[in-house]
Amino acid sequence: MNYPIGIQDFAKLRSNDFVYVDKTDLVYELTKSDGVYFLSRPRRFGKSLLVSTIKYYFEGRRDLFKGLKIESLEKKWETSPVFEIDFNGSNYTEADALEQTLNGYLTKWEQQYGVKPATDQLGRRFADVLHQAHEQTGKTCVVLVDEYDKPMLDVMDTGQKTVIDGNEQLIEDHHRETLKAFYSVFKLADPDLRFVFLTGVTKFAQVSVFSGFNNAQDISMLPRYDAICGITTEELDTIFASSVKDLAEANVVTIDEAKSQLKQRYDGYHFSEGMTDIYNPFSLLNTFKFQKAKDYWFASGTPTYLMRLLSHSDENIQDIIDHSYEAQEFVDYRATVEAPVPMIYQSGYLTIKGYNREDEEYKLDFPNHEVASGFLALLASGYFRTPAQPSSWATKLKKALHHGKPDDFRDLLNDFLASIPYSVRESNGEKSHERQFQYSVYLIMRLIGSTRNTVYHEKASSKGRADCVIETPRYVYIFEYKLDRPATEAMTQIAERGYADPYTHDSRTVYAIACSFSSETGTISDWQVKQIKGETSRP
Numbered sequence: 036m037n038y039p040i041g042i043q044d045f046a047k048l049r050s051n052d053f054v055y056v057d058k059t060d061l062v063y064e065l066t067k068s069d070g071v072y073f074l075s076r077p078r079r080f081g082k083s084l085l086v087s088t089i090k091y092y093f094e095g096r097r098d099l100f101k102g103l104k105i106e107s108l109e110k111k112w113e114t115s116p117v118f119e120i121d122f123n124g125s126n127y128t129e130a131d132a133l134e135q136t137l138n139g140y141l142t143k144w145e146q147q148y149g150v151k152p153a154t155d156q157l158g159r160r161f162a163d164v165l166h167q168a169h170e171q172t173g174k175t176c177v178v179l180v181d182e183y184d185k186p187m188l189d190v191m192d193t194g195q196k197t198v199i200d201g202n203e204q205l206i207e208d209h210h211r212e213t214l215k216a217f218y219s220v221f222k223l224a225d226p227d228l229r230f231v232f233l234t235g236v237t238k239f240a241q242v243s244v245f246s247g248f249n250n251a252q253d254i255s256m257l258p259r260y261d262a263i264c265g266i267t268t269e270e271l272d273t274i275f276a277s278s279v280k281d282l283a284e285a286n287v288v289t290i291d292e293a294k295s296q297l298k299q300r301y302d303g304y305h306f307s308e309g310m311t312d313i314y315n316p317f318s319l320l321n322t323f324k325f326q327k328a329k330d331y332w333f334a335s336g337t338p339t340y341l342m343r344l345l346s347h348s349d350e351n352i353q354d355i356i357d358h359s360y361e362a363q364e365f366v367d368y369r370a371t372v373e374a375p376v377p378m379i380y381q382s383g384y385l386t387i388k389g390y391n392r393e394d395e396e397y398k399l400d401f402p403n404h405e406v407a408s409g410f411l412a413l414l415a416s417g418y419f420r421t422p423a424q425p426s427s428w429a430t431k432l433k434k435a436l437h438h439g440k441p442d443d444f445r446d447l448l449n450d451f452l453a454s455i456p457y458s459v460r461e462s463n464g465e466k467s468h469e470r471q472f473q474y475s476v477y478l479i480m481r482l483i484g485s486t487r488n489t490v491y492h493e494k495a496s497s498k499g500r501a502d503c504v505i506e507t508p509r510y511v512y513i514f515e516y517k518l519d520r521p522a523t524e525a526m527t528q529i530a531e532r533g534y535a536d537p538y539t540h541d542s543r544t545v546y547a548i549a550c551s552f553s554s555e556t557g558t559i560s561d562w563q564v565k566q567i568k569g570e571t572s573r574p
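Counting the sequence shown from 1 gives a position; our numbering is that position plus 35.
(1) Roughly how many angstroms lie between the CA atoms of THR552 and ALA435, to the nearest whole one?
(2) Mind checking who LEU84 pairs with in its DSSP beta bridge?
(3) Run through the segment 265-335 for me and flag every whole alpha helix (DSSP H) of 4 or more residues, listed as ranges in chain order.
(4) Would you call HIS540 buried or exposed, if buried means 16 or more other Cβ atoms sit within 10 Å of its Cβ?
(5) To the nearest angstrom, how far is it from the Cα of LEU228 to the Cα of ASP69?
(6) Per DSSP, what kind of secondary structure is ILE40 in: helix, strand or coil?
(7) Looking at the secondary structure, which residues open and close the beta strand (DSSP E) in which VAL231 lies?
(8) For the candidate residues VAL376, SER75 and THR136, whose alpha-carbon lies nearest to that of ASP400?
(9) Helix, strand or coil: which one does DSSP assign to ARG420?
(10) How long is the line joining the alpha carbons of GLU469 and LYS58, rounded to whole angstroms?
(11) Less than 6 Å between C-beta atoms, sequence neighbours within five positions excluded: which residues of the same chain meet that for GLY464?
(12) When you compare each of ILE387, LEU157, ASN351 and VAL231 to SER359 by their alpha carbons, which one comes out closest?
(13) Quick check on the DSSP output: the beta strand (DSSP E) that includes PHE552 runs from which residue to which?
(14) Just reading off the alpha helix (DSSP H) that ILE254 is part of, what are its end residues?
(15) Do three or more CB pairs link the segment 199-209 to the segment 144-153 at distances below 8 Å?
(16) Run the CB neighbour count on PRO402, radius 10 Å, all protein chains shown included, and call it buried at 16 or more, exposed below.
(17) Tell me whether VAL287 is buried or exposed, calling it buried when 16 or more other Cβ atoms sit within 10 Å of its Cβ.
(18) Going by CA-CA distance only, name the one from LYS215, TYR183, GLU361 and GLU119 that's closest to GLN575.
(19) Excluding the five sequence neighbours on either side, which residues of its own chain have a C-beta within less than 6 Å of the C-beta of TYR390, listed in chain order?
(20) Among ASN321, TYR457 and ILE42, which residue has its Cα nearest to the Cα of TYR418?
(21) When you compare the CB of GLY533 with every CB in chain B, is at least one pair closer than 8 Å?
(22) Going straight from the alpha carbon of ILE352 to that of PHE410, what length do you get?
(23) In angstroms, rounded to a whole number, what distance separates the CA positions of VAL180 and SER75?
(24) Buried or exposed for MET36, going by 16 or more other Cβ atoms inside 10 Å?
(25) What is the DSSP secondary structure of LYS13, reduced to helix, strand or coil?
(26) Using the three-state DSSP reduction, which class does GLN156 fall into: helix, strand or coil?
(27) Could you spell out the range, first to last residue, of the alpha helix (DSSP H) harbouring LEU99?
(28) Considering only residues of the same chain and omitting the five flanking positions on each side of LYS466, which have a CB-CB separation below 8 Å?
(29) For SER83 versus GLN135, is the C-beta spacing smaller than 8 Å?
(30) With C-beta atoms as the reference, is ILE313 less than 8 Å away from ALA262?
(31) Would you give the residue range spanned by the beta strand (DSSP E) that PHE73 belongs to?
(32) Among all the DSSP beta bridges, which residues are the ones paired with SER408?
(33) How close, in whole Å, do the beta carbons of LEU345 and ALA429 come, if the pair is a contact with beta carbons under 8 Å?
(34) Note down the Cα distance separating THR114 from LEU65, rounded to an integer number of angstroms.
(35) Is the Cβ-Cβ distance between ALA549 and GLU515 less than 8 Å?
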């Protein structure tokens, strides 16, 4: 099977026998209604390929759609002048980079339609081009804008400045004003427009991009478009059945085991209350091509702008995940230092994991293991500032748990805690020791999660919630933490509140672990382990 990794041109994909997950029925549905539409999806999720597909559809390239769903739906194949703006491929850290990109497109179109610029205003020039194209062809125009927000993401929260007309200005603000002015003329061009489609990672409400259009519609959270980008479970089971089989054979596992590993590692994205499971297409295709599961998507780009936001925010990732949100809190508002959630969600590092229909509230969390492990490792590196890399250290902790060695786990954990500089704990002096301790343990335990180890925080039983439960294929570890208090209190709590009750009929060995930390030293001060059930003796 020929996998289209990095192929963003629909014609190239179709002409070179690459595998294609047919989304053309959704393209047909979307394009049947004239108007302005916006779609937010994480990077490398197929937005550019979708834009390219729409472009060739409006250009009437029926040959490229032979055998696809749209072939039986579309009868007329009417064409329109298409204007595509792609903000990928340029670095917008220079103040004039955005103007150069837009001017390049406009100059090409002005030459194509014989338009002599009457002004140097970019938006006015574009409106003149659209009007002339309408006049010459007798057909209204299609405008496609891919990754419209990249000029702002490149410089977001960097503090980089430029001088415009003698006045110093943030490049981020300059780009925002430039785009706002460019799109604001689209209301004037409305009679010349048939269909407008913008894609991006995040919806920058403060840019007022959408105020430049009449009745712009955000389809990002409409359930019927959940699967317009990405790969569904059904598509995995049908289109990629042979790929899963080859992957299983190459890694000496069963097909069911291969599917389970793919699901844990790459599935879990939800883009609406419809809760349709979506796999990350970039990681999935790379895994099939190289027959090895790795963190392909996370390794393809470091979310530095998110790290900048979180480093200034009073919210930590535990606070964010524990919170419930109304849709507008993570969809419609631009992220700020005080409210980083919209950017984290729309960038794909958090996704919808629950929806309360009665209260119309959403729960957010990491979509899968790939995102959780990579993002948490970055957060931990910035938070702990230890010589040891959190990811490599977490691997040792996972091995200790996998082999049923809780005391080795204690020693490794204590060594890591001891390596955290005293200055780090002191730098957070305005926060309570209790809160700092809770977040440190939270980061540590979530880092241990993997496709083989499942980590539950605040796992409920009939009488309460265990601080943490870690499940491996052969062992279950029930943790209760205390700060500056004896471990016996934690062990008593595990017993009295029945934290082990859900595992009464489990075949695995179950350990209760009472762990007390010292706020003075930042390390483990007391530790007790009790084997609750299982034939395996304590190592």
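Think of the CB as a built atom: it goes at the ideal place given N, C-alpha and C, for glycine as much as any other residue.
Taking the structure as given:
(1) The displayed chain sequence assigns Phe, not Thr, to residue 552. Annotation: PHE552 to ALA435 spans about 20 Å, alpha carbon to alpha carbon.
(2) In the DSSP output, where bridge partners are listed per residue, LEU84 has none listed.
(3) With a minimum length of 4 residues, the continuous alpha helix (DSSP H) runs that stay inside the segment 265-335 are 268-273, 276-285, 290-301, 316-325 and 331-334.
(4) When all chains shown are included, HIS540 counts as exposed.
(5) One Cα belongs to LEU228, the other to ASP69, and the distance between them is close to 8 Å.
(6) Three-state DSSP puts ILE40 in coil, outside helix and strand.
(7) In the DSSP assignment, VAL231 falls within the beta strand (DSSP E) that extends over 228-235.
(8) For ASP400, the nearest C-alpha among the options comes from VAL376.
(9) In this structure, ARG420 counts as coil in the three-state DSSP scheme.
(10) Cα to Cα, GLU469 sits roughly 50 Å from LYS58.
(11) Unreliable positioning characterises GLY464 in this predicted model, as indicated by a pLDDT of 47, which lies under 50. A coordinate reading is not provided.
(12) Closest option to SER359, Cα to Cα, is ILE387.
(13) According to the DSSP assignment, PHE552 belongs to the beta strand (DSSP E) that extends over 544-552.
(14) In this chain, ILE254 is not harboured by any alpha helix (DSSP H), its DSSP state being neither H nor E.
(15) Cβ pair count under 8 Å is below three, so no.
(16) The residue in question, PRO402, is buried, as its Cβ has 16 or more Cβ neighbours within 10 Å.
(17) By the beta-carbon neighbour count (other beta carbons within 10 angstroms, threshold 16), VAL287 is exposed.
(18) Nothing in the structure corresponds to residue 575, since the chain is present only between 36 and 574.
(19) Closer than 6 Å at the Cβ level, and outside the excluded window around TYR390, lie GLU308 and TYR397.
(20) With distances taken between CA atoms, TYR418 lies nearest to TYR457 out of ASN321, TYR457 and ILE42.
(21) Among the protein chains of the structure shown there is no chain B, as only one such chain exists.
(22) About 10 Å.
(23) Taking the straight line from one Cα to the other gives about 12 Å.
(24) MET36 should be labelled exposed.
(25) Given that the chain is displayed from residue 36 to residue 574, the structure contains no residue 13 and the question cannot be resolved.
(26) The DSSP-derived three-state label of GLN156 is coil.
(27) LEU99 -> no alpha helix (DSSP H), and no H or E assigned at all.
(28) Residue placement at LYS466 is flagged as unreliable, the pLDDT there being 49, under the threshold of 50; the coordinate-derived value follows with that caveat. Closer than 8 Å at the Cβ level, and outside the excluded window around LYS466, lies no residue.
(29) For SER83 and GLN135, no; Cβs fall outside 8 Å.
(30) Yes, Cβ-Cβ distance for ILE313 and ALA262 is below 8 Å.
(31) Unbroken beta strand (DSSP E) run through PHE73: 70-75.
(32) Here SER408 is not bridged, per DSSP, to any residue.
(33) Not a contact, Cβ separation roughly 19 Å.
(34) Each residue's alpha carbon lies about 16 Å from the other.
(35) Pairing ALA549 with GLU515 gives a Cβ-Cβ distance under 8 Å.
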